[in-house]
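Visitor:
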Amino acid sequence: MNTGKSKWVLRVYEKNGEIPIDEICLENVKADDLRILYNVGPHNPMYDCYPVTASQTPYLQDFLQSKIDLESYDYFVECEATD
Numbered sequence: 008m009n010t011g012k013s014k015w016v017l018r019v020y021e022k023n024g025e026i027p028i029d030e031i032c033l034e035n036v037k038a039d040d041l042r043i044l045y046n047v048g049p050h051n052p053m054y055d056c057y058p059v060t061a062s063q064t065p066y067l068q069d070f071l072q073s074k075i076d077l078e079s080y081d082y083f084v085e086c087e088a089t090d
């Protein structure tokens, strides 16, 4: 959802950590697909942080060059404002 006002990012944290260690822009992710993935309604702007679980990994993995490793890291899909 890169509309010029916001973008989707995947933030990576060490397990039980509070400071992100990586941030990956999800350039071609569609908001409608994320709504289905996270089972939220069509009018939800999805401004919250959404944890990535094993069931969501296959969809998100298609947008990444690195492998999602849920055993070592926590991942969250977030919508971020752009300039």
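Numbering-wise, our numbering comes out as the position in the sequence shown, counting from 1, plus 7. The beta carbon of each residue, even a glycine, is placed where N, CA and C say it ideally should be.
1. At what residues does the beta strand (DSSP E) containing Asp55 begin and finish?
2. I'd like to check one pair, Lys14 with Thr64: are the Cβ atoms closer than 8 angstroms?
3. Just checking my contact of Met53 with Val47 at CB under 8 angstroms: how many whole Å lie between their CB atoms?
4. Would you call Leu41 buried or exposed, if buried means 16 or more other Cβ atoms sit within 10 Å of its Cβ?
5. How close, in whole Å, do the beta carbons of Met19 and Ile28 come, if the pair is a contact with beta carbons under 8 angstroms?
Guide: Considering the structure as presented:
1. As a first step, residue 55 is located in the sequence shown; it is residue number 48 there, counting from the start. Taken as a continuous stretch (DSSP letters only), Asp55 belongs to no beta strand (DSSP E), as it is neither H nor E.
2. As a position in the sequence shown, residue 64 is number 57, starting the count at 1. As a position in the sequence shown, residue 14 is number 7, starting the count at 1. Not a contact, by the Cβ cut-off of 8 angstroms.
3. The sequence position of residue 53 within the sequence shown is 46, counting from 1. The sequence position of residue 47 within the sequence shown is 40, counting from 1. Contact holds; Cβ gap of about 6 angstroms.
4. Reading the sequence shown from its first residue, position 34 is the one you call residue 41. That one is buried.
5. The residue given as residue 19 occupies position 12 in the sequence shown. The residue given as residue 28 occupies position 21 in the sequence shown. Here residue 19 turns out to be Val, not Met, going by the sequence shown. Yes, Val19 and Ile28 are in contact; Cβ-Cβ is about 6 angstroms, under 8 angstroms.
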